[in-house]
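Trainee:
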């Protein structure tokens with residue numbers, strides 16, 4: 002550890018503040034400059050590639066926002082603290098974030114990973130009566146031990162290789178997802194494979210002969226969930242019956258799910274009305290928020306924030322694609338004063354095209370390889386992320402030497 006030296010975090014980098022152009026000035030918005038807010042990053046992606054909003058040159062020049070460079074770091078500093086990413090290209094950003102740029106003492110890639118190890122410390126030192134906030138002063142209190150630049154680059158290279166593979170796998174999954182949804186629309190909205198056959202009138206317009214209009218509960222069993230009493234710790238365990246909440250999906254964002262953050266015991270299961278559902282069930286969050294969709298990898302139950310669909314007449318792939326295609330409609334029809342919720346009755350009564358059984362079976366056969374590949378790639382990413390998160394603190398502290406790591 003003789004080559005490692007101690008610095009204040011703020012001695013290693015520049016902290017850059019952001020801002021927001023006047024929202025009432027339309028000439029400041031909708032330009033070619035990406036403008037970051039925390040909703041654009043913080044999902045475990047190393048790089049942020051695009052933003053929900055953009056600004057114009059006039060917006061940049063007439064506000065306190067700054068233009069960050071490619072590979073600069075962005076970190077959220079207010080409300081949600083510690084969401085972090087690197088920039089894939091130049092972007093401006095709002096005042097709830099800091100931009101971070103390394104100086105000659107530290108490699109920029111290494112600084113990104115170093116900052117990740119300091120998130121808990123930054124969160125602990127946040128303050129504010131309304132929103133948790135970190136300031137420049139918060140960063141100045143952070144002590145860092147770092148090795149020589151050559152070692153920094155080697156450490157960053159190891160961790161980056163894992164993040165790069167994770168990013169490649171995500172692109173593969175996104176491409177497969179787009180293919181699956183395009184095939185669904187091709188078959189069941191455009192009816193392209195059936196154009197040469199006979200069509201008949203229906204309440205949804207012309208449909209292939211033998212098809213009809215029905216409801217979702219004719220394609221699968223719609224099932225709700227429930228929560229065992231939180232006042233009874235004996236109802237919860239780390240290794241019991243898999244139980245899922247919408248919050249679990251907000252964190253994992255996986256298409257295929259085996260369990261949530263915590264399991265429930267048999268006693269907890271028996272104490273409430275949640276139901277155990279089989280592998281292949283499509284789990285749809287029906288409130289707070291509406292529209293998280295995942296597929297059960299094994300037997301699983303959920304809390305009351307889901308209306309799940311167990312395949313019966315239709316298969317998993319059709320039901321998944323149908324719910325994804327219908328999410329906006331479900332949200333529009335949902336009701337509630339505190340937050341909108343899609344009731345079981347609403348879900349069961351969703352209008353659905355019901356093809357002949359042979360058509361559904363053939364669609365399932367066609368999509369099964371795509372879904373299987375996604376499941377395999379997602380599982381690989383889970384293992385890669387676990388490896389990265391295990392190596393990160395040990396490499397950054399010097400506990401593990403660079404030469405001891407073989408990927």
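Residue numbers (the numbering used here): 2 to 408. All C-beta atoms, glycine included, are put in the ideal place defined by N, C-alpha and C.
(1) Run the CB neighbour count on residue 336, radius 10 Å, all protein chains shown included, and call it buried at 16 or more, exposed below.
(2) Output yes if chain B places a C-beta closer than 8 Å to the C-beta of residue 219; else output no.
(3) For residue 93, name the three-state secondary structure that DSSP assigns.
(4) If residue 221 and residue 312 are in contact, beta carbons under 8 Å, what's the gap, nearest whole angstrom?
(5) With DSSP as the reference, label residue 274 as helix, strand or coil.
(6) At what residues does the alpha helix (DSSP H) containing residue 322 begin and finish?
(7) Can you tell me where the alpha helix (DSSP H) with residue 370 in it begins and where it stops?
(8) I'd like the span of the alpha helix (DSSP H) that includes residue 138, first residue to last.
(9) Is the number of C-beta pairs between the stretch 273-281 and the stretch 183-193 that are closer than 8 Å three or more?
(10) With a cut-off of 8 Å on the beta carbons, I'd call residue 31 and residue 86 a contact; round off their distance for me.
(11) Drop a sphere of 10 angstroms on the beta-carbon of residue 207, count the other beta-carbons inside from all chains shown, and report buried for 16 or more, exposed for fewer.
(12) Can you give the Cα-Cα distance for residue 399 and residue 388, rounded to whole angstroms?
(13) Does the beta-carbon of residue 84 have 16 or more other beta-carbons within 10 angstroms, so that it is buried, or is it exposed?
(14) Pull up the DSSP beta-bridge partners for residue 308, would you.
(15) Since residue 101 contacts residue 16 with CB under 8 Å, what's their CB separation in whole angstroms?
(16) Quick one, are the C-beta atoms of residue 315 and residue 351 less than 8 Å apart?
(17) Assuming residue 230 and residue 259 make a contact with CB atoms under 8 Å, what is their CB distance in whole Å?
(18) Pull up the distance between the alpha-carbon of residue 370 and that of residue 215, whole angstroms please.
(19) Ordered along the chain, which non-local residues of its own chain (more than five positions away) have a Cβ less than 6 Å from that of residue 347?
(20) Using DSSP bridges, identify the partner residues of residue 244.
(21) If contacts are defined as beta-carbon pairs under 8 Å, then residue 245 and residue 301 qualify, I think. What distance do you get, rounded to the angstrom?
(22) So does the stretch 116-125 actually touch the stretch 135-144, counting three or more Cβ pairs closer than 8 Å?
(23) Closest to residue 40 by C-alpha separation, out of 71, 76, 407 and 5, would be which residue?
(24) In the structure shown, what three-state DSSP assignment does residue 128 receive?
(25) For residue 275, which of 225, 405, 359 and 402 has the nearest alpha-carbon?
(26) Suppose you measure from the CA of residue 27 to the CA of residue 70; what does that come to, to the nearest Å?
(27) From this set, 286, 355 and 338, which residue's C-alpha is nearest residue 329's C-alpha?
(28) What are the uninterrupted segments assigned as alpha helix (DSSP H) that are 4 or more residues long and contained completely in the stretch 42-123, given in chain order?
(29) Residue 129: which of 79, 97, 383 and 10 sits nearest, CA to CA?
(30) Can you tell me which of the three DSSP states residue 145 falls into?
(31) Here's the rule: buried if 16 or more other CB atoms are within 10 angstroms of the residue's CB, otherwise exposed. What is residue 339?
(32) Mind checking who residue 264 pairs with in its DSSP beta bridge?
(33) Less than 8 Å separating the beta-carbons of residue 55 and residue 33?
(34) Alpha carbon to alpha carbon, how far is residue 90 from residue 163?
(35) Tell me the rounded alpha-carbon separation between residue 298 and residue 88.
(36) Roughly how many angstroms lie between the CA atoms of residue 46 and residue 241, to the nearest whole one?
Mentor: Taking the coordinates as given:
(1) Within the chain shown, numbered from 1, the residue matching residue 336 stands at position 335. Looking at its Cβ environment, which holds fewer than 16 other Cβ atoms inside 10 Å, residue 336 is exposed.
(2) Absence of chain B from the displayed structure is noted, only one protein chain being present.
(3) Residue mapping note: residue 93 aligns to position 92 of the chain shown, counting from 1. Strand at residue 93.
(4) Translated into positions along the chain shown, residue 221 becomes position 220. Translated into positions along the chain shown, residue 312 becomes position 311. Right, their Cβ atoms sit about 5 Å apart.
(5) Taking the first residue of the chain shown as 1, we reach residue 274 at position 273. Here residue 274 sits in coil by DSSP.
(6) Counting from 1 along the chain shown, the entry for residue 322 is found at position 321. Segment 317-334, the alpha helix (DSSP H) holding residue 322.
(7) The residue you call residue 370 lines up with position 369 of the chain shown. 358-398 is the span of the alpha helix (DSSP H), which, as asked, contains residue 370.
(8) Within the chain shown, residue 138 is the residue found at index 137, counting from 1. Element bounds for residue 138: 137-141.
(9) Because the criterion of three Cβ pairs below 8 Å is not met, the stretch 273-281 and the stretch 183-193 do not touch.
(10) Within the chain shown, numbered from 1, the residue matching residue 31 stands at position 30. Within the chain shown, numbered from 1, the residue matching residue 86 stands at position 85. In this structure, residue 31 and residue 86 do not form a Cβ contact; the two beta carbons are roughly 23 Å apart against a cut-off of 8 Å.
(11) Here the question's residue 207 lines up with position 206 in the chain shown. Label assigned to residue 207: exposed.
(12) Counting from 1 along the chain shown, the entry for residue 399 is found at position 398. Counting from 1 along the chain shown, the entry for residue 388 is found at position 387. Using only the alpha carbons, I get a separation of about 17 Å.
(13) Counting from 1 along the chain shown, the entry for residue 84 is found at position 83. Taking all protein chains shown into account, residue 84 has 16 or more neighbouring C-beta atoms within 10 Å of its C-beta and is therefore buried.
(14) Locating residue 308 in the chain shown gives position 307, counting from the first residue. 225.
(15) As a first step, residue 101 is located in the chain shown; it is residue number 100 there, counting from the start. As a first step, residue 16 is located in the chain shown; it is residue number 15 there, counting from the start. That belief holds up - the Cβ atoms of residue 101 and residue 16 are roughly 6 Å apart, short of 8 Å.
(16) Position 314 of the chain shown, counted from the start, is the residue given in the question as residue 315. Position 350 of the chain shown, counted from the start, is the residue given in the question as residue 351. Not a contact, by the Cβ cut-off of 8 Å.
(17) The sequence position of residue 230 within the chain shown is 229, counting from 1. The sequence position of residue 259 within the chain shown is 258, counting from 1. Their Cβ separation, rounded to whole angstroms, is 25 Å, which puts residue 230 and residue 259 out of contact at 8 Å.
(18) Locating residue 370 in the chain shown gives position 369, where the first residue counts as 1. Locating residue 215 in the chain shown gives position 214, where the first residue counts as 1. A straight line joining the alpha-carbon of residue 370 with that of residue 215 spans about 28 Å.
(19) For the purposes of this step, residue 347 is taken as residue 346 along the chain shown, with counting starting at 1. Correct list, in chain order: 334.
(20) To locate residue 244, count along the chain shown from 1; it is residue 243. Paired residue(s): 302.
(21) Numbered from 1 along the chain shown, position 244 holds the residue referred to as residue 245. Numbered from 1 along the chain shown, position 300 holds the residue referred to as residue 301. About 6 Å; that satisfies the 8 Å criterion.
(22) Counting Cβ pairs under 8 Å, three or more are found: they touch.
(23) Taking the first residue of the chain shown as position 1, residue 40 is located at position 39. Nearest C-alpha to residue 40: 76.
(24) As a position in the chain shown, residue 128 is number 127, starting the count at 1. In this structure, residue 128 counts as strand in the three-state DSSP scheme.
(25) Along the chain shown, read from residue 1 onward, the residue named residue 275 stands at position 274. Measuring from the Cα of residue 275, the nearest candidate turns out to be 225.
(26) Here residue 27 refers to the residue found at position 26 of the chain shown. Here residue 70 refers to the residue found at position 69 of the chain shown. Whole-angstrom Cα-Cα distance: 25 Å.
(27) Here residue 329 refers to the residue found at position 328 when the chain shown is read from its first residue. Looking at the Cα atoms, 286 is the closest of the given residues.
(28) 58-62 and 109-118
(29) What you label residue 129 is simply residue 128 of the chain shown in a count that begins at 1. Ranked by Cα distance from residue 129, the options 79, 97, 383 and 10 are led by 79.
(30) Working through the chain shown from its first residue, we reach residue 145 at position 144. DSSP places residue 145 in strand when its eight states are reduced to three.
(31) Taking the chain shown and counting its residues from 1, the one referred to as residue 339 is at position 338. Classification of residue 339: exposed, given that the 10 Å Cβ count is below 16.
(32) The residue given as residue 264 occupies position 263 in the chain shown. In the DSSP output, where bridge partners are listed per residue, residue 264 has 238.
(33) Position 54 of the chain shown holds residue 55. Position 32 of the chain shown holds residue 33. Yes, these two residues count as a Cβ contact at 8 Å.
(34) As a first step, residue 90 is located in the chain shown; it is residue number 89 there, counting from the start. As a first step, residue 163 is located in the chain shown; it is residue number 162 there, counting from the start. Distance between the alpha carbons of residue 90 and residue 163: 21 Å.
(35) Position 297 of the chain shown, counted from the first residue, corresponds to residue 298. Position 87 of the chain shown, counted from the first residue, corresponds to residue 88. Taking the straight line from one Cα to the other gives about 34 Å.
(36) Residue 46 sits at position 45 when you count from the first residue of the chain shown. Residue 241 sits at position 240 when you count from the first residue of the chain shown. The straight-line gap from Cα to Cα measures roughly 30 Å.
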